[in-house]
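Note sheet for the following structure.
Residue numbers (our numbering): 55 to 275.
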């Protein structure tokens with residue numbers, strides 16, 4: 055299932071959503087145009103085996119890795135989900151709160167992934183955990199929203215309206231099963247997608263969404 059648009063209207067122009075998209079694209083351009091893209095990634099990516107909590111320099115990649123991506127498909131998918139769901143979440147949070155959610159979800163995702171594989175030399179990169187935080191918050195705040203979704207069933211392709219809880223719940227469950235499957239890859243140092251970062255980010259978003267919803271009950275009832 056691939057989301058095309060949602061039925062919820064944003065409260066205001068999503069300036070900070072676009073700002074985050076531009077920031078990610080800017081870093082990606084710097085990455086692919088660097089004299090050595092691989093060295094660029096290794097410098098700013100989170101490499102679990104190099105983390106030393108007594109040296110703050112080794113902790114900076116918990117943030118910088120959020121803005122790195124492994125190819126065009128990786129960044130396009132992340133930025134598309136941020137574009138579809140970010141405007142509505144931004145409209146419900148203060149600008150600092152929205153940016154903080156993005157960063158905290160990304161850091162939490164990287165931290166969980168680090169705890170799962172602390173001795174790994176595989177660089178962790180991507181905004182997936184941060185974007186997952188936005189999705190989790192959207193799940194809590196817009197339970198009645200409809201997502202116009204592109205569906206692929208073998209050679210059959212169609213567009214249908216799917217409820218937000220179904221769409222994002224399906225996405226979250228998929229991450230859990232994919233995360234369990236990826237443990238074998240991690241153990242054999244084969245790499246793979248950081249699914250646990252998605253899970254941690256999504257949970258952070260759920261918690262933030264719940265707090266926002268509790269503080270504004272009259273708005274969401």
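Ideal Cβ positions, reconstructed from N, Cα and C, are used throughout, including at glycine.
Keep in mind that this is a model prediction, so the values were computed, not measured.
Beta-carbon separation of residue 60 and residue 267 under 8 Å?
Against the chain shown, residue 60 aligns to sequence position 6. Against the chain shown, residue 267 aligns to sequence position 213. In this structure, residue 267 does not lie closer than 8 Å to residue 60 by Cβ.
Residue 122 by DSSP, collapsed to three states: which one?
On the chain shown, residue 122 is found 68 positions in, with the first residue counted as 1. Coil, per DSSP.
Between which two residues does the alpha helix (DSSP H) carrying residue 212 extend?
Taking the chain shown and counting its residues from 1, the one referred to as residue 212 is at position 158. Taken as a continuous stretch (DSSP letters only), residue 212 belongs to no alpha helix (DSSP H), being part of the beta strand (DSSP E) at 210 to 217.
Measure the alpha-carbon distance for residue 185 versus residue 110 and round it to whole angstroms.
To locate residue 185, count along the chain shown from 1; it is residue 131. To locate residue 110, count along the chain shown from 1; it is residue 56. Between residue 185 and residue 110, the C-alpha separation is close to 25 Å.
Suppose you measure from the CA of residue 105 to the CA of residue 93; what does that come to, to the nearest Å?
Counting from one through the chain shown, the residue named residue 105 turns up at place 51. Counting from one through the chain shown, the residue named residue 93 turns up at place 39. Approximately 18 Å, taken between the alpha carbons.
Check whether the stretch 152 to 172 and the stretch 247 to 258 are in contact - that is, three or more C-beta pairs closer than 8 Å.
Touching, yes, given that three or more Cβ pairs across the two stretches are closer than 8 Å.
Among 264, 86 and 62, whose alpha-carbon lies nearest the alpha-carbon of residue 145?
The count along the chain shown starts at 1 and reaches residue 145 at position 91. Of the candidates 264, 86 and 62, the one whose C-alpha sits nearest the C-alpha of residue 145 is 62.
Where does residue 182 land, buried or exposed, given buried means 16+ other C-beta within 10 angstroms?
On the chain shown, position 128 is the one that residue 182 refers to. Classification for residue 182: buried.
For residue 58, name the three-state secondary structure that DSSP assigns.
Counting from one through the chain shown, the residue named residue 58 turns up at place 4. Of the three classes helix, strand and coil, the one that applies to residue 58 here is strand, per DSSP.
DSSP state of residue 113, grouped into three classes?
Position 59 of the chain shown, counted from the first residue, corresponds to residue 113. Here residue 113 sits in coil by DSSP.
Rounding to the nearest angstrom, what Cα-Cα distance links residue 174 and residue 101 in this structure?
The residue given as residue 174 occupies position 120 in the chain shown. The residue given as residue 101 occupies position 47 in the chain shown. Distance between the alpha carbons of residue 174 and residue 101 is about 7 Å.
Once the 5 residues before and after residue 237 are set aside, which same chain residues still bring their CB inside 6 Å of it?
Mapped onto the chain shown, residue 237 falls at position 183. In this prediction, residue 237 scores a pLDDT of 46, lower than 50, which makes its location untrustworthy; the coordinate-derived value is nonetheless stated afterwards. Answer for residue 237: no residue qualifies.
For residue 260 and residue 194, which I take to be in contact (beta-carbon distance under 8 Å), what is that distance rounded to the nearest angstrom?
On the chain shown, residue 260 is found 206 positions in, with the first residue counted as 1. On the chain shown, residue 194 is found 140 positions in, with the first residue counted as 1. So it is a contact: roughly 6 Å between Cβ atoms.
Please classify residue 108 as buried or exposed, where buried requires at least 16 neighbouring CB atoms within 10 angstroms.
Against the chain shown, residue 108 aligns to sequence position 54. Under this definition residue 108 is an exposed residue.
Considering only DSSP beta bridges, list what residue 200 is partnered with.
Residue mapping note: residue 200 aligns to position 146 of the chain shown, counting from 1. Residue 200 is bridged to 217.
Does the beta-carbon of residue 241 have 16 or more other beta-carbons within 10 angstroms, so that it is buried, or is it exposed?
As a working note, residue 241 is residue 187 in the chain shown. Summary for residue 241: the model assigns pLDDT 48, below 50, so the residue's position carries little reliability, and this model does not support an answer.
Check the DSSP bridge columns for residue 100 and list the partner residues they point to.
As a working mapping, residue 100 is identified with position 46 in the chain shown. Paired residue(s): 178.
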